[in-house]
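Those protein sequence lines, which keep their order, are chains A and B. The first sequence maps to residues 49 to 351 in our numbering. The second sequence maps to residues 16 to 165 in our numbering. Don't be surprised by glycine CBs; every beta carbon is placed ideally from N, CA and C. Every value quoted in this text rests on a predicted model; they were computed, and no experiment measured them.
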Amino acid sequence: MQTKSLISITDFTKEEYLKIMRLAADFEENPNQNLLQGKVIATLFFEPSTRTRLSFETAINRLGGKIIGFSDSASSSVSKGETLHDTIKMVSNYADLIIMRHPMEGSARYASEVSNIPVINAGDGANQHPSQTLLDMYSIMKTQGSLDNINLFLVGDLKYGRTVHSLLMAMLQFENPIFNFIAPAELAMPNEYKLLLASKGIKYYEHDEFTDIINAADIIYMTRVQKERFIDPVEYEKVKNIYILRNEMLKDTKENMRILHPLPRINEIHTDVDNNPKAYYFTQAKNGVYARMAIIAHLLNLK
Amino acid sequence: MEKQLQVSAIKDGTVIDHIPTKALFKVIKILQLEECSEMITFGNNLDSKAMKTKAIIKIANRFFADEEVNKIALVAPNAKLNTIRDYEVIEKRVVKTPKEIFGIVSCFNPKCITNVENIKTRFEVLSNKPITMKCFHCEKITSESEMTYL
């Protein structure tokens, strides 16, 4: 297909990342632009995701587009047994762009093969969720002024967390990143990523707790340590409090340091952090609307 | 040297030698030899100096493009192809693992869309020995021990 889709974060080049950053900043400055007037955008959510769907739909509305779609598969023809292939074929005849979330991994890539209009992957199972990464990058860009020379602390579930893997893949395109991985042994960063960093000569460090090292961070990216990921529940009980960020831990951190989290948060960031100016996770979610406006405008060649 | 041919000779065609014994029927399937109407003879559990035992397939009047025969590299990485004309070996080839594999293997990931919808699987080969492949769709990496042949 000639159309450009966004399925994995690695589908975009460094130049495209930077273009998304520029466009997102422009949309933040001037959010109501009628670029999508006369266009129909399909939001196909085969599984519910209120946060992501509302963020995309806000982006579309701010750009003046019309939305068709469904918010879970029970209200779509999937419940009658229609294949993904046929649903995508049909919708790509109606709309100008498809935004899709689906529980099966690889479903978005497949949809982009079937569709003759661009597809944005809004999450395919545990595989990819690239718009999350672009909003994470936009949040880093906004708070640090650059995507170069960032000391990034990734905390929590680094084994299964798709957001940390995608963020790592994107950030290694930029100058001199330093990665600090803070995770229990059961949820450590997979070897393939460490080998990739080593092959590129990029520095990374692994830790099993972060109280003593936190002051070096530019960005602390928190993720949830889920109990169900542990084979032995005793192991979970041992580590569950190590990966909780508390306000008292932040007193000597860098001025520019900001805390990110893809949300939803459970308890890994104590609520006493919320009023600290370094807590950035709610603004980060807001940045998602601008990043998604930028992705849509880019894929439809509107900017 | 074998004093007697273990599988009878062919006048024109292809001999695929050094197939692991366990892979014989997989090779037949991958090359779709069930549908071939030419004379085919095969032998299994034959003596082999290099492999101890091996399988061999002789197909009369069939000649294979590299692209076609490289598909068997997954199951028979050391297979050798002899092209026969008038009882003489006129060309010897070894199979090479292709960079991409289409069909043949299913994705080990039960949550991969290729295991749900009617999709031809596609893998990027990351390494040869041992073979590891990345699913084009779900991006998970399949190792040799996890491979299931379609």
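- Counting the other CB atoms within 10 Å of its CB gives B/Pro92 a total of 16 or more, which places it among the buried residues.
- Across the structure, A/Gln274 and A/Leu308 are spaced so that their CA atoms are roughly 18 Å apart.
- B/Ala75 is bridged by DSSP to B/Gly28.
- Chain A places no beta carbon closer than 9 Å to that of B/Glu53, leaving this residue out of the contacts.
- In chain order, Val131, Glu132 and Asn133 make up the part of chain B whose C-beta sits under 9 Å from the C-beta of A/Thr131.
- A straight-line Cα-Cα distance of about 10 Å links A/Glu254 and A/Val203.
- Straight-line measurement puts the Cα of A/Ser187 at about 11 Å from the Cα of A/Phe330.
- Annotated three-state conformation of B/Thr129 is helix, per DSSP.
- Nearest CB-CB separation between B/Phe151 and chain A: below the 9 Å threshold.
- Taken residue by residue, none of the stretch 184 to 198 of chain A has a beta-carbon sitting less than 7 Å from a beta-carbon on chain B.
- Around B/Asn124, the beta-carbon contacts reaching into chain A at under 7 Å are Glu153.
- Counted as a single uninterrupted DSSP element, the stretch harbouring A/Tyr291 is not any alpha helix (DSSP H), since DSSP gives it neither H nor E.
- If you draw a straight line from the Cα of A/Leu244 to the Cα of B/Leu46, it is about 36 Å long.
- For the C-beta of B/Glu154, the chain A residues within less than 9 Å are, from N- to C-terminus, Ser56, Glu153, Gly154, Arg157, Asn175 and Gln176.
- Between the stretch 281 to 297 of chain A and the stretch 258 to 273 of chain A, the count of C-beta pairs closer than 8 Å reaches three or more; the two stretches touch.
- At a cut-off of 9 Å between C-beta atoms, B/Ile119 does not count as an interface residue with respect to chain A.
- If you draw a straight line from the Cα of A/Asn109 to the Cα of A/Glu234, it comes to about 42 Å.
- Taken in chain order, the complete beta strand (DSSP E) segments of 3 residues or longer contained in the stretch 277 to 344 of chain A are 306 to 308.
- Taking a C-beta distance under 9 Å as the contact criterion, B/Val90 and B/Pro35 qualify as a contact pair.
- If the five residues before and after B/Pro145 are omitted, its C-beta is found closer than 7 Å to the C-beta atoms of Ser158 and Glu159, all from its own chain and listed in chain order.
- B/Ser121 is bridged by DSSP to B/Thr163.
- Closest option to A/Lys334, judged by alpha-carbon separation, among A/Glu153, A/Gly86, A/Lys190 and A/Lys128: A/Lys190.
- The C-alpha of A/Asn169 is placed about 19 Å away from the C-alpha of A/Lys62.
- In this structure, the alpha-carbon of A/Asn199 lies about 46 Å from that of A/Met138.
- Going by C-alpha positions, A/Asp144 is about 8 Å away from A/Ala90.
- The C-beta separation of B/Ile87 from B/Val140 comes to about 14 Å, leaving the pair out of contact by the 8 Å criterion.
- For B/Ile99, there are no neighbours in chain A by C-beta distance under 8 Å, as the nearest C-beta there is about 41 Å away.
- Annotation for A/Ile188: the continuous alpha helix (DSSP H) segment containing it runs Pro178 to Gln192.
- Counting only residues of its own chain and dropping the five nearest sequence neighbours on each side, B/Phe78 has a CB closer than 8 Å to the CB of Gly28, Thr29 and Thr98.
- Taking one beta carbon from each stretch, the stretch 61 to 75 of chain A and the stretch 301 to 315 of chain A have fewer than 3 pairs nearer than 8 Å; the two do not touch.
- A/Asp266 places its beta carbon less than 9 Å from that of A/Gln192.
- A/Tyr241 and A/His213 do touch by the CB rule: their CB atoms are close to 7 Å apart, below 8 Å.
- Among the bridge pairs identified by DSSP, A/Lys114 is matched with A/Val88.
- Taking 9 Å as the cut-off, the beta carbon of A/Leu195 is found no closer than this to the beta carbon of A/Met341.
- Distance from the Cα of A/Thr181 is smallest, within the candidate group A/Tyr338, A/Leu348, A/Asn349 and A/Leu350, for A/Tyr338.
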